[in-house]
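Number of protein chains: 2
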Amino acid sequence: MPEERDFSTIYDACTRYVYGHYPQTPKQALAALAEYTPTDAKLDFYGEGDLFTDFEARIAEMLGKPAAVFMPSGTMAQQIALRIVADRSGRWAFACHPTCHLVLHEDNAYRDLHGLKAEIVGNQFRLLTLDALQRIDVPLGSVLVELPQRHNGGLLPTWDDLVALTDWAREAGIHLHMDGARLWECQPYYERSYAEIAALFDTVYVSFYKILGNVAGAALAGPADLIAEARVWQHRHGGRLFHLYPNVLSAQMGLDTFLPQIGAYHAKAVEIAAAIKGIDGIEVTPDPPQTNMLHIFMRGDADRLKEAIYDIAEETGTMLVRTPQPGQVPGWQKSELSVGSASLDVPTDEIAALFADLIARANA
Amino acid sequence: MPEERDFSTIYDACTRYVYGHYPQTPKQALAALAEYTPTDAKLDFYGEGDLFTDFEARIAEMLGKPAAVFMPSGTMAQQIALRIVADRSGRWAFACHPTCHLVLHEDNAYRDLHGLKAEIVGNQFRLLTLDALQRIDVPLGSVLVELPQRHNGGLLPTWDDLVALTDWAREAGIHLHMDGARLWECQPYYERSYAEIAALFDTVYVSFYKILGNVAGAALAGPADLIAEARVWQHRHGGRLFHLYPNVLSAQMGLDTFLPQIGAYHAKAVEIAAAIKGIDGIEVTPDPPQTNMLHIFMRGDADRLKEAIYDIAEETGTMLVRTPQPGQVPGWQKSELSVGSASLDVPTDEIAALFADLIARANA
Numbered sequence: 075m076p077e078e079r080d081f082s083t084i085y086d087a088c089t090r091y092v093y094g095h096y097p098q099t100p101k102q103a104l105a106a107l108a109e110y111t112p113t114d115a116k117l118d119f120y121g122e123g124d125l126f127t128d129f130e131a132r133i134a135e136m137l138g139k140p141a142a143v144f145m146p147s148g149t150m151a152q153q154i155a156l157r158i159v160a161d162r163s164g165r166w167a168f169a170c171h172p173t174c175h176l177v178l179h180e181d182n183a184y185r186d187l188h189g190l191k192a193e194i195v196g197n198q199f200r201l202l203t204l205d206a207l208q209r210i211d212v213p214l215g216s217v218l219v220e221l222p223q224r225h226n227g228g229l230l231p232t233w234d235d236l237v238a239l240t241d242w243a244r245e246a247g248i249h250l251h252m253d254g255a256r257l258w259e260c261q262p263y264y265e266r267s268y269a270e271i272a273a274l275f276d277t278v279y280v281s282f283y284k285i286l287g288n289v290a291g292a293a294l295a296g297p298a299d300l301i302a303e304a305r306v307w308q309h310r311h312g313g314r315l316f317h318l319y320p321n322v323l324s325a326q327m328g329l330d331t332f333l334p335q336i337g338a339y340h341a342k343a344v345e346i347a348a349a350i351k352g353i354d355g356i357e358v359t360p361d362p363p364q365t366n367m368l369h370i371f372m373r374g375d376a377d378r379l380k381e382a383i384y385d386i387a388e389e390t391g392t393m394l395v396r397t398p399q400p401g402q403v404p405g406w407q408k409s410e411l412s413v414g415s416a417s418l419d420v421p422t423d424e425i426a427a428l429f430a431d432l433i434a435r436a437n438a
Numbered sequence: 075m076p077e078e079r080d081f082s083t084i085y086d087a088c089t090r091y092v093y094g095h096y097p098q099t100p101k102q103a104l105a106a107l108a109e110y111t112p113t114d115a116k117l118d119f120y121g122e123g124d125l126f127t128d129f130e131a132r133i134a135e136m137l138g139k140p141a142a143v144f145m146p147s148g149t150m151a152q153q154i155a156l157r158i159v160a161d162r163s164g165r166w167a168f169a170c171h172p173t174c175h176l177v178l179h180e181d182n183a184y185r186d187l188h189g190l191k192a193e194i195v196g197n198q199f200r201l202l203t204l205d206a207l208q209r210i211d212v213p214l215g216s217v218l219v220e221l222p223q224r225h226n227g228g229l230l231p232t233w234d235d236l237v238a239l240t241d242w243a244r245e246a247g248i249h250l251h252m253d254g255a256r257l258w259e260c261q262p263y264y265e266r267s268y269a270e271i272a273a274l275f276d277t278v279y280v281s282f283y284k285i286l287g288n289v290a291g292a293a294l295a296g297p298a299d300l301i302a303e304a305r306v307w308q309h310r311h312g313g314r315l316f317h318l319y320p321n322v323l324s325a326q327m328g329l330d331t332f333l334p335q336i337g338a339y340h341a342k343a344v345e346i347a348a349a350i351k352g353i354d355g356i357e358v359t360p361d362p363p364q365t366n367m368l369h370i371f372m373r374g375d376a377d378r379l380k381e382a383i384y385d386i387a388e389e390t391g392t393m394l395v396r397t398p399q400p401g402q403v404p405g406w407q408k409s410e411l412s413v414g415s416a417s418l419d420v421p422t423d424e425i426a427a428l429f430a431d432l433i434a435r436a437n438a
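Below, the structure is given as structure tokens:
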């Protein structure tokens with residue numbers, strides 16, 4: 075039996091990356107962060123100090139909310155928002171899509187840590203719809219809307235549908251919470267400011283790693299009293315750390331470096347989708363991509379596709395796509411492709427040729 | 075009315091510090107960490123990778139436990155240990171001292187997040203005793219013992235008392251948890267390895283900031299199955315971050331840099347206590363200090379003492395002691411003095427002269 079090939083060795087040896095940003099070692103990343111950090115930046119203590127105050131004010135302003143709080147993770151931020159609403163309203167249920175982060179990726183913390191109840195509605199391969207929400211027959215504390223829906227290739231509702239959904243919830247007295255883990259990536263589709271998008275919601279969570287390339291970190295924005303209470307819950311979660319300056323500074327660097335590129339990333343994603351969707355054995359969604367993310371479905375055996383990706387990486391120095399995962403249709407595998415700064419440096423016609431080669435190798 | 079003087083401006087302008095380590099700006103700290111970081115250190119992802127595995131193995135070995143998990147904070151680590159024990163035993167009460175971190179400094183997270191019940195026993199100015207524990211008449215899941223007791227100047231039970239207390243709990247089937255936030259500082263007193271001290275307990279929490287100068291971070295060590303479950307709860311708390319390498323590397327640097335100095339810090343604390351306790355208007359506890367920490371009680375008005383500390387700092391460039399806090403006895407204020415690397419550079423006779431000067435100024 076051949077030895078298992080090590081992904082990270084192959085990945086690190088590449089010089090070109092069709093997805094994401096260029097990789098950095100911890101030493102490189104820390105040196106870059108030290109370089110970026112202003113000489114007069116002062117230490118924070120337990121989330122206090124100018125570094126925090128200024129950053130949180132910047133986020134609150136970008137999102138058009140009275141207040142924002144920096145937190146170590148979105149897992150913490152979102153549970154806290156929903157918990158506060160439940161405490162205040164006495165309604166412990168929240169509505170969400172089947173692919174909601176809280177129900178798929180947090181070991182049921184919403185339930186086991188906070189006693190919240192998830193009302194999971196809608197089709198996992200489609201957007202969360204107003205229709206689906208209206209069929210819920212328990213009193214809801216919150217509705218959670220993920221913009222864009224990551225598990226659906228970064229799918230976004232039209233502006234009108236989003237307004238209709240949020241209007242309904244607002245009129246029903248239901249708290250509107252946005253899972254904006256990738257909100258930064260929505261701007262090219264809506265062509266509206268982040269504040270205009272956020273205005274449809276009571277609270278908004280945003281993330282600073284992912285496209286912003288940060289170490290780790292998130293923010294929750296909303297009404298001042300709710301954010302003040304969120305700070306207490308952050309403390310209870312063990313998230314008010316002695317120092318968080320590496321995270322705050324890295325988030326700041328991400329906003330300065332990568333946010334201005336979101337338009338270019340989106341345009342590249344649209345270009346890539348158009349160039350590869352005609353290849354026999356490839357399907358893409360959304361078509362065209364609405365953010366800088368798309369899902370690529372590839373015909374072929376999962377292992378053979380993986381080996382072919384590794385072979386292409388070794389032969390050409392180009393990491394083409396993430397290891398495909400089994401999808402719904404037998405014989406078809408799925409990969410998420412998120413365009414970042416490294417993607418821009420690989421010509422789209424070369425990307426298309428490499429994908430054609432990949433399918434050919436895996437189906438030879 | 076005179077303008078409020080800004081502590082951090084005065085502190086930053088000093089060149090000598092009688093307590094703690096030398097201050098660093100975020101830029102300096104990040105540059106030092108980048109310098110320290112090995113070139114071949116690899117990125118961690120969600121707490122996985124060699125960086126984590128190696129560090130956690132190092133901590134487990136130091137503490138003589140089968141397993142350890144790195145966490146962002148002690149607030150997270152300790153709640154999680156107690157919660158797992160409660161889930162398993164069905165006993166939701168834990169015994170602790172009145173100055174326990176969980177009851178004083180975590181916004182009652184143990185109660186509001188986990189539904190635990192604190193049985194607070196003993197005299198707040200004395201050590202937690204076996205007698206006090208034996209008077210509790212509810213079934214206990216855990217006993218939490220803080221070594222050393224920070225709020226009592228780093229007080230430590232004798233080895234025999236500690237053995238008696240832990241023997242009793244073990245025989246009663248009660249889980250023994252050590253709040254070892256400052257366990258590193260106990261070694262000179264017990265003259266035993268960390269593993270020998272930790273062997274009296276089922277689970278041990280240690281901290282990497284404080285004397286180790288880390289950004290933020292903690293570890294929980296104990297049986298492999300409990301630590302595996304703790305990782306799930308860490309995730310639920312929102313503490314499994316995308317990257318934690320700045321924290322892990324900084325903890326590693328702290329262990330390499332400061333841990334070998336603990337003996338010297340303790341010796342200096344003993345020297346300082348001996349040199350200042352004869353000053354009229356000063357009392358110290360413990361006498362002699364059992365760790366590198368002591369509490370200094372100063373006669374005088376709180377504001378006048380503070381102003382005198384600031385004056386001395388501006389005149390001599392020496393930050394003598396933390397801003398005194400009101401104590402139990404009217405007219406006496408309390409400061410915690412924790413000896414660190416900066417303390418070693420200030421001659422003890424000068425420290426004593428400055429304390430004498432401080433008391434004289436504040437009582438003139």
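Note that the protein sequences, when read in sequence, are chains A and B.
The first sequence finishes on residue 438 if you use the numbering used here, and the numbering steps up by one all the way, no holes.
The second sequence finishes on residue 438 if you use the numbering used here, and the numbering steps up by one all the way, no holes.
Every residue gets a Cβ at the ideal spot worked out from N, C-alpha and C, and that includes glycine.
Remember, predicted model here, so these are calculated numbers, not experimental data.
So the beta strand (DSSP E) residue i belongs to, where does it begin and stop?
| i | result |
| --- | --- |
| L368 (chain B) | 367-373 |
| A116 (chain A) | Contrary to the premise, residue 116 (chain A) reads as Lys rather than Ala in this sequence. No beta strand (DSSP E) contains K116 (chain A), which DSSP labels as neither H nor E. |
| Q198 (chain A) | Here Q198 (chain A) belongs to no beta strand (DSSP E), and DSSP marks it neither H nor E. |
| S409 (chain B) | 406-412 |
Return the bridge partner residues of residue i from the DSSP annotation.
| i | result |
| --- | --- |
| I356 (chain A) | A:M372 |
| D205 (chain B) | Answer is none; D205 (chain B) lacks a bridge partner. |
| Y279 (chain B) | B:D253, B:L294 |
| Y91 (chain B) | B:M393 |
| F168 (chain B) | B:A192, B:S216 |
| L143 (chain A) | The question names Leu, yet the displayed sequence has Val at residue 143 (chain A). Per DSSP, A:L294. |
| E122 (chain B) | B:F119 |
Do the CB positions of residue i and residue j come within less than 8 Å of each other?
| i | j | result |
| --- | --- | --- |
| R90 (chain A) | G414 (chain A) | no |
| I444 (chain B) | I433 (chain B) | In the structure as shown, chain B begins at 75 and stops at 438. Residue 444 (chain B) is therefore absent and cannot be evaluated. |
| L368 (chain B) | A338 (chain B) | no |
| K139 (chain A) | A292 (chain A) | no |
| G228 (chain B) | Q407 (chain B) | no |
| D253 (chain A) | E220 (chain A) | yes |
| V278 (chain A) | I248 (chain A) | no |
| A295 (chain B) | A142 (chain B) | yes |
| A382 (chain A) | A108 (chain B) | no |
| F168 (chain A) | L202 (chain A) | no |
| L286 (chain B) | L329 (chain B) | yes |
| Y440 (chain B) | M145 (chain B) | No answer is possible for residue 440 (chain B): it lies beyond the span of chain B, which begins at 75 and ends at 438. |
Can you tell me where the alpha helix (DSSP H) with residue i in it begins and where it stops?
| i | result |
| --- | --- |
| A434 (chain A) | 422-436 |
| W233 (chain A) | 233-245 |
| L218 (chain A) | No alpha helix (DSSP H) contains L218 (chain A), which is instead part of the beta strand (DSSP E) from 214-220. |
| D161 (chain A) | 148-163 |
| V289 (chain A) | Per DSSP, V289 (chain A) belongs to no alpha helix (DSSP H) and is neither H nor E. |
| K342 (chain A) | 336-350 |
| T331 (chain B) | 319-331 |
| H175 (chain A) | 175-178 |
What three-state label does DSSP hand residue i in the structure shown?
| i | result |
| --- | --- |
| P100 (chain A) | helix |
| P400 (chain A) | strand |
| F81 (chain B) | helix |
| Q223 (chain A) | strand |
| L379 (chain B) | helix |
| L107 (chain A) | helix |
| L229 (chain B) | strand |
| P262 (chain A) | helix |
| Q364 (chain B) | coil |
Consider the C-beta atom of residue i and the heavy atoms of the ligand MN; say whether any pair is separated by less than 7 Å.
| i | result |
| --- | --- |
| R132 (chain A) | The ligand MN is not part of the structure shown, which contains no ligands of any sort. |
Is the Cβ of residue i closer than 8 Å to any Cβ of chain E?
| i | result |
| --- | --- |
| F316 (chain A) | Of the protein chains in the structure, A and B, none is chain E. |
Mind checking the segment 289-308 of chain B against chain A and listing, in chain order, the residues whose C-beta falls within less than 7 Å of any C-beta there? Against chain A - using a Cβ distance shorter than 7 Å - the residues of the segment 289-308 of chain B are V289, A290, V306.
Members of the segment 160-181 of chain B that neighbour chain A once the beta carbon cut-off is set at 7 Å: For chain A, the residues of the segment 160-181 of chain B that bring a beta carbon within less than 7 Å of one of its beta carbons are E180, D181, in chain order.
Contact list for the segment 130-153 of chain B against chain A, Cβ threshold 8 Å: Flagged, chain order: M145, P146, S147, G148, T149, M150, A151, Q153.
Mind listing which residues of the segment 254-285 of chain B have their C-beta closer than 7 Å to chain A's C-betas, in chain order? Residues Y283.
Listed from N- to C-terminal order along the chain, which residues in the segment 413-430 of chain A have their beta-carbon within a distance smaller than 7 Å of any beta-carbon of chain B? Answer set for the segment 413-430 of chain A: empty.
Residues within the segment 223-255 of chain A neighbouring chain B, beta-carbon criterion of under 7 Å: If the cut-off is 7 Å between Cβ atoms, the segment 223-255 of chain A has nothing near chain B.
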